[in-house]
Amino acid sequence: MRALAFEKEMLATVLEEDCLTVTAKGLGHEVLLVKLMQLYCQQWDQAAKRGVNDGDGDDDAKRKKVPLVLLVNASGLADMLYNAIRNLGGPETQCSPPVVVTNKITSAERSKMYVDGGCFIVTSRILVVDLLSGTIDKSRITGVIVDKAHQITEKSNEGFILTILRSSKAFQGFVKAFSEAPEALATKFGFLSQVMGTLGVNKVHLWPRFHRSVRTVMDNAKPEVEELSQPLTEAMAGIQAEIVAALEMCLAELRRTENLDVSGLTVENGLFRSFEVSLRRQLDPLWHKVSRKTKQLVHDVGVLRKLLPDLLRFDAATMLHVLDNIKEEVNTNQAPSLWLLTDAADRIFQLAKRRVFRIKKVKFKPTQDQAAASNSNSNNKNKKAATAAAKSDFLAFDLPELLRGAVCLDESGRGKVRLMLRMEENPKYALLRHVLKEIQQKVEAAPPALVRRGGAHLVIFCRDRLTAKGIRARLCPQAAAELNSRHLETLFAARFKRFALAQGRADLCQPDAPRAALLALAEELHHKTSLPVETRLVCLEHLRRQLGAASGLQSAATVQPGKSFGLHDPAKGSSLRANTIVFPLNTGQDHFSLLEEVNPNFIVLFDPDVKTVRQAEVYQARHPSRKLRLYFLQYQDSAEEQRYLSDLKREQDTFKALIEEKAGIVLAKSNTVEGNAAALQDELELQQTKVVGYNLSTGEPIMASAMAASSSSSRSKGRVVPSIVVDMREFRSALPVMLFRSGIHIEPATIEVGDYILSPEICVERKSIPDLHGSFNSGRLFTQAEAMCRYYKRPNLLIEFDESKPFSLQAASEMHGEHSNSNILGKIVLLTTHFPNLRLLWSPSPHATVDLFRLMKANYGNPDVAVASKVTSETETAARSDTDVVVTSNTGAQELLRRLPGINVHNYVKVMRSVKNLRELSEMSLQSLTKLIGKGPAAKLFKFFNHEVDPMDESTGGGLVSLLAEDDDAAD
Numbered sequence: 001m002r003a004l005a006f007e008k009e010m011l012a013t014v015l016e017e018d019c020l021t022v023t024a025k026g027l028g029h030e031v032l033l034v035k036l037m038q039l040y041c042q043q044w045d046q047a048a049k050r051g052v053n054d055g056d057g058d059d060d061a062k063r064k065k066v067p068l069v070l071l072v073n074a075s076g077l078a079d080m081l082y083n084a085i086r087n088l089g090g091p092e093t094q095c096s097p098p099v100v101v102t103n104k105i106t107s108a109e110r111s112k113m114y115v116d117g118g119c120f121i122v123t124s125r126i127l128v129v130d131l132l133s134g135t136i137d138k139s140r141i142t143g144v145i146v147d148k149a150h151q152i153t154e155k156s157n158e159g160f161i162l163t164i165l166r167s168s169k170a171f172q173g174f175v176k177a178f179s180e181a182p183e184a185l186a187t188k189f190g191f192l193s194q195v196m197g198t199l200g201v202n203k204v205h206l207w208p209r210f211h212r213s214v215r216t217v218m219d220n221a222k223p224e225v226e227e228l229s230q231p232l233t234e235a236m237a238g239i240q241a242e243i244v245a246a247l248e249m250c251l252a253e254l255r256r257t258e259n260l261d262v263s264g265l266t267v268e269n270g271l272f273r274s275f276e277v278s279l280r281r282q283l284d285p286l287w288h289k290v291s292r293k294t295k296q297l298v299h300d301v302g303v304l305r306k307l308l309p310d311l312l313r314f315d316a317a318t319m320l321h322v323l324d325n326i327k328e329e330v331n332t333n334q335a336p337s338l339w340l341l342t343d344a345a346d347r348i349f350q351l352a353k354r355r356v357f358r359i360k361k362v363k364f365k366p367t368q369d370q371a372a373a374s375n376s377n378s379n380n381k382n383k384k385a386a387t388a389a390a391k392s393d394f395l396a397f398d399l400p401e402l403l404r405g406a407v408c409l410d411e412s413g414r415g416k417v418r419l420m421l422r423m424e425e426n427p428k429y430a431l432l433r434h435v436l437k438e439i440q441q442k443v444e445a446a447p448p449a450l451v452r453r454g455g456a457h458l459v460i461f462c463r464d465r466l467t468a469k470g471i472r473a474r475l476c477p478q479a480a481a482e483l484n485s486r487h488l489e490t491l492f493a494a495r496f497k498r499f500a501l502a503q504g505r506a507d508l509c510q511p512d513a514p515r516a517a518l519l520a521l522a523e524e525l526h527h528k529t530s531l532p533v534e535t536r537l538v539c540l541e542h543l544r545r546q547l548g549a550a551s552g553l554q555s556a557a558t559v560q561p562g563k564s565f566g567l568h569d570p571a572k573g574s575s576l577r578a579n580t581i582v583f584p585l586n587t588g589q590d591h592f593s594l595l596e597e598v599n600p601n602f603i604v605l606f607d608p609d610v611k612t613v614r615q616a617e618v619y620q621a622r623h624p625s626r627k628l629r630l631y632f633l634q635y636q637d638s639a640e641e642q643r644y645l646s647d648l649k650r651e652q653d654t655f656k657a658l659i660e661e662k663a664g665i666v667l668a669k670s671n672t673v674e675g676n677a678a679a680l681q682d683e684l685e686l687q688q689t690k691v692v693g694y695n696l697s698t699g700e701p702i703m704a705s706a707m708a709a710s711s712s713s714s715r716s717k718g719r720v721v722p723s724i725v726v727d728m729r730e731f732r733s734a735l736p737v738m739l740f741r742s743g744i745h746i747e748p749a750t751i752e753v754g755d756y757i758l759s760p761e762i763c764v765e766r767k768s769i770p771d772l773h774g775s776f777n778s779g780r781l782f783t784q785a786e787a788m789c790r791y792y793k794r795p796n797l798l799i800e801f802d803e804s805k806p807f808s809l810q811a812a813s814e815m816h817g818e819h820s821n822s823n824i825l826g827k828i829v830l831l832t833t834h835f836p837n838l839r840l841l842w843s844p845s846p847h848a849t850v851d852l853f854r855l856m857k858a859n860y861g862n863p864d865v866a867v868a869s870k871v872t873s874e875t876e877t878a879a880r881s882d883t884d885v886v887v888t889s890n891t892g893a894q895e896l897l898r899r900l901p902g903i904n905v906h907n908y909v910k911v912m913r914s915v916k917n918l919r920e921l922s923e924m925s926l927q928s929l930t931k932l933i934g935k936g937p938a939a940k941l942f943k944f945f946n947h948e949v950d951p952m953d954e955s956t957g958g959g960l961v962s963l964l965a966e967d968d969d970a971a972d
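First residue of the sequence shown: 1, per the UniProt record's numbering; consecutive thereafter.
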C-alpha cells in the first residue's frame, strides 16, 4: 500500500515528538496506526535477530534494546489492524504482526511476552492490572500509542495507564495519540487542553480536509462522482414533514424550561445523536427537580429524532410496526406523549397505513345463477326475495373468500370491505436498480483486459445490516417478495397479538392454535361490527395467513412483489451479481482496508457517509491509474440530505474552532503527577536510603532506616503507603484511578467477597444506582452481604451516586407515604434488618468515596492480597474471629438461632460458644439460660421452647406469633 504525500508528512510529525494527531473522518487515521505499528514491528524483528546472532553480553542490556510498544483503546480495531499490518504493503513492510492481548492470556504468559518485547494491542483494563501488579517492567516500555484520544479522561482506564507511567521515574518512553473525531474534542470548553494534559503531550496536529497538503494530493486524482437524487414519495414526504413539525413543537416547549441553554435546541441539531446527549447532560443535575412534562418532552425528542432516519431506512411495513410499538408503549404509561395528541401524529399514522394497505368497499354483484333465478321470476315480490337472498349470501362468512383476501362487514353491516395490500417500496431501490443496470452495461462493454480479476467490480456501502439485507434480497429473484411477505406477517402478527391479549384470547396467539378456534374467531370478526373495521381486517388477514398455511393453500394476497435488480440473467447479469459486495457501515467493523483488498471499479454509496466518501478519495489518489466511479445516492429534500450537509459544515466549523484554540492553548511544562501512590512510595524509599551520618569507628554510612529501627519511637509501625485490594472488575469504574491519584496504592486481585478490601477487617461492596436496583432484583446483593458479614468484621455496602446526577435515591414525586417490600427503600430496610452488622455508606460522587476510604483506613493496617484472594463464598475454614468465636459455614443454623425470641446481636455469639446445637439449647433450664444470656432474654427463650401447643387447636398458632412479635417490638 503506497503512502500518499500528506500521509508521509503526518507520519514524520508523529515520529518527531510526542503529540496528539487529529484527522478528519476517513483521512488516514487507520493508515497512520498501521504504518506506525509496522515500523516498530520491524524494529523488533531487527532487534530480535541481533539478539540471536550476538551470543555475548548481558541479557538485561540486550532486552532493553528490544522495543516494547503498547497500543491501547483500539480493541474494536484489533482484528483489522492485525490483518492490515500483516497483509497490506509490499515486501519492504513485511514484519511480525503485533500480539493481541486479551483475558484469554494468563498473567504469567503476558509477563513472559513483555520480557521478550514486541508490539502489543492490549485492552486498557488488562494493562492497568499488569502495571499495578508489576507484571510489566515500566522501564522496558518503549512507548504507548493511544487510539480514539477523544475518549481519554482522567477517570478512564487509558488515563489511568498514563498516570501510572508518568508517575514512575522508570518510564522514559513516548506517548502518541490519534483521533478522527474533532467534534468530540470541541464539545466542551477547554476539553482539548484537558485531553492533552491527561495524555501528557504538548503538541497537537490538526489535519482537516481543507489542509493544503491534503487538498493538493486529493485534487490531483479525483474519482468520477455521480450524484443522484431521488424524490420522496408523497406519503414519505408527508410523514417527514409531520415528524419535523412534531419535533419543532417539542423543542418549542423545551425552550420554556428554566436553567436550560436553548441556543442549540434546533431541528438541524436534532438530527445528530450528540444533541440528545447534550440535552441530557444539561438536565441530569436537575432531573429530580424537572417536571414530569419536561421529562416526557425529552423522551419524545429522542423518539422523533430516531423516526426521521427510520422513515428512510425501513420498509413500509416495518415503519408501521415501529409506530404501532410507540403507540402501545404510550398506552401502557400514565403520562401520554404530547406529540401523539397532535394532528401531526394522526397524519403520520394515516400516511404510514396508506403505504401498507388500504380499505376498499366490495360491490355487491350477484352470481350468474342468482341473476338467472332473479330474472326468471316475473313477480316483483319474488325478485326482491331472490335479491335479498343473494345479498344475504353475499354478506355471509365464506372461508374460500377469506382465503383469497381479508373481507368483513362494514360499520353498517349492510356491505363488505376488503383489505387491499399495496406495500410501497422505498424509492431509492428503484434508483439503485437503474444504477446497477448502468454498471452492468459498462462492465459488459469494457474490454476483457480492463476487467480485473481476483476482486470485485462493485461495492455497495449502506447504513446497517437491515438495509444490506434488503439490497442483497433484491440481487436475487423472488427474494425481495419473500422478505416483504415476512415483514407483513410480523406486522399483522403483532397487531393480532395485541387484540387477542386485550380480548383474553392469548391461546390463539400460539403457532399450534386449534383450527376450529381460529375459524370461529374469523367468523366472529366478520360479523362483529362494533369493532373498528381496520382492527377486524388486520386480524382477519393474520388468520387468513394462518389458515392458508395450515391448509397448504397458496396465499392469494394482493401484495406488490419487491422487484429484483434484474441481475439474475445467466447470459448477462451473473458476473456482476457474483462480483458485488454489500457492506453495512454501522456494524462496528471498520472498512478502511476493504477497498485495498477488493480493488473495485465502482462504488455505490446507498446512504450518504462523509467518512466513506473520503476513503474513496484516498483510494483513488493512491491508485491514480485505476478509474474509480462513485455513485452517490440520496433522497432529495430529506433529513438524510440535510444531515450529510450539516455533518460537513459542522466538521469544518469544528476544525476552525480547534485551530483557534490551538493558537492560544496553555499547558504546564511538567506533566508529572504529584501526590499519587507511586510518587509517595518513591519518596519513602528515598528517605529510607538517605545517609544521615557515618560510623566513627568503621567509617560506614548510617542509613535513615537504621536510625529509625534503633530509635525507641520506631517500635511502632513506620510510615507506609496506604494500600487497598481492588477487585479486577472494578477497573471499569473511575474509583481506582482516583484512589491512586490521592496517594493510595492499588493492589489488583480477583476477589469473590467484596469489591474493595481496605484492611484485614474492613470490606466494601460498591454499588452504583443502576447496579443496586439490578442486584436487588436478582437477589445477588443478599448473597454478597451474607458473605461479607461472614468473613469480615466490618462489612460495608457503599451506594455511590453519579456526580452529574442528583444525590437522591428517588425523586420527590415518586415517594409515597407507605413503602412496600417491592420499593427500593423497603428492600434496603429488609437488607439492614437481616444483616445488622452491615453498614451503609452513602457517597454523592467518586471524589467523596476517596475521602471516605481515607478516613476509614486511618487507624487500620494494609490488607494482605493473598489472604483476600483466598476468601471465597465456599470457604470451609474459619472466616473471622469475633470474641474468639469461630463462625462456621453452617449459616442456616446461625440464622435460625438469631430469629429465636431473646436472642439478639449482643448475645448470639456467646450462645454459639457455650451451646453445641439447638437441641441442647432447647433442653436448658431457666436458671441456666439466665446465667447465659440474662433474665429478660432467658424468660422469652424459655417460654418459647416450653410453650404448650394443642395440635388440634388452630387458634394457638397466634400465641407463637405473638411471642415473636413481642420480641421484635422489644428489639425495636
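No residue lacks a Cβ here, since even glycine has one placed at the ideal position from N, Cα and C.
All of these numbers come straight from a predicted model, not from anything done at the bench.
>> Rounding to the nearest angstrom, what Cα-Cα distance links PHE174 and ILE581 in this structure?
In response: 41 Å
> Can you tell me whether DSSP reads LYS662 as helix, strand or coil?
Replying inline: helix
> Any chance the region 30 to 49 sits against the region 69 to 84, with 3 or more Cβ pairs inside 8 Å?
Replying inline: yes
> Terminal residues of the continuous beta strand (DSSP E) containing PHE632?
Replying inline: 629 to 636
>> Judging by CA-CA distance, which residue of GLU30, CYS95, ARG2, LEU36 is the nearest neighbour of ALA47?
In response: CYS95
> Is GLU425 helix, strand or coil by DSSP?
Replying inline: coil
> Under a three-way DSSP split, which group does MET420 fall into?
Replying inline: strand
>> Across the region 498 to 509 and the region 385 to 395, are there enough close Cβ pairs to call them in contact, namely three or more that are closer than 8 Å?
In response: no
>> Which runs of the alpha helix (DSSP H) at least 4 residues long sit entirely within the UniProt domain "ERCC4" (723 to 803)? Give them in chain order.
In response: 735 to 741, 769 to 778, 780 to 791
>> Looking only at its chain, what residues have a beta carbon closer than 6 Å to the beta carbon of ALA502, apart from the 5 residues adjacent to it on each side?
In response: none
> What do you reckon, is the C-beta of GLU617 under 7 Å from a heavy atom of the ligand GTP?
Replying inline: As presented, the structure is devoid of all ligands, the ligand GTP included, so that no description of it is given.
> If you draw a straight line from the C-alpha of GLY118 to the C-alpha of TRP44, how long is it?
Replying inline: 6 Å
>> Taking the beta strand (DSSP E) that THR529 belongs to, which residues open and close that run?
In response: First-last for THR529: undefined, no H or E at that position.
>> So, with DSSP's three-state summary, where would you put SER75?
In response: helix
> Going straight from the alpha carbon of LYS416 to that of LYS469, what length do you get?
Replying inline: 38 Å
> Under three-state DSSP, which class holds GLY190?
Replying inline: coil
> Do you know whose CA, among SER869, LYS35, TRP842, lies nearest TYR82's CA?
Replying inline: LYS35
> Is the beta carbon of VAL195 less than 8 Å from the beta carbon of LEU77?
Replying inline: no
> Touching or not, the region 858 to 873 and the region 820 to 837, by the rule of three or more beta carbon pairs under 8 Å?
Replying inline: no
> Closest to LYS497 by CA distance: which of VAL721, GLU541, ALA516 is it?
Replying inline: GLU541
>> Quick check: GLY638 and GLN240, are their CB atoms within less than 8 Å of each other?
In response: One point to set straight first is that residue 638 is Ser, not Gly, in the sequence displayed. Result yes, Cβ atoms of SER638 and GLN240 sit closer than 8 Å.
>> Between LEU340 and chain D, is the shortest Cβ-Cβ distance under 8 Å, so that the two count as touching?
In response: This model lacks chain D altogether; it includes just one protein chain.
> Apart from the five residues on each side of it in sequence, which residues of its chain come closer than 7 Å, Cβ to Cβ, to HIS487?
Replying inline: ASP315, ALA317, THR318
>> Please state whether the Cβ-Cβ distance between GLN642 and SER229 is less than 8 Å.
In response: no
>> Which residue marks the beginning of the beta strand (DSSP E) containing GLY460, and which one marks its end?
In response: Per the sequence shown, residue 460 should be read as Ile rather than Gly. Counting along the chain, the beta strand (DSSP E) containing ILE460 begins and ends at 458 to 462.
>> Between which residues of its own chain and SER143 is the CB-CB distance below 6 Å, once the five residues before and five after are set aside?
In response: It is worth fixing the name first, because residue 143 is Gly in this sequence and not Ser. Within the same chain, GLY143 has close Cβ partners VAL69, GLY173, PHE174.
> For the region 598 to 605 against the region 204 to 221, are there 3 or more C-beta pairs whose distance is under 8 Å?
Replying inline: no
>> According to DSSP, is GLY118 part of a helix, a strand, or is it coil?
In response: strand
> In or out: VAL613 buried (at least 16 other Cβ within 10 Å) or exposed?
Replying inline: buried
> Which value, in whole angstroms, describes the spacing of the CA atoms of SER294 and GLY302?
Replying inline: For clarity, residue 294 is Thr in the given sequence; the question names Ser instead. Distance between the alpha carbons of THR294 and GLY302 is about 13 Å.
> Where do the ends of the beta strand (DSSP E) carrying PRO806 lie?
Replying inline: Here PRO806 belongs to no beta strand (DSSP E), and DSSP marks it neither H nor E.
> What did DSSP end up calling VAL322 once you bin it into helix, strand or coil?
Replying inline: helix
> Mapping DSSP to helix, strand and coil, what is ARG358?
Replying inline: strand
> In three-state terms, what does DSSP make of TRP842?
Replying inline: strand
> In whole angstroms, what is the alpha-carbon distance linking LEU33 and GLY134?
Replying inline: 27 Å
>> Tell me which residues share the same chain as MET10 and place their Cβ nearer than 7 Å to its Cβ, disregarding the 5 neighbours each side in the sequence.
In response: THR21, GLY28, LEU32, TRP207
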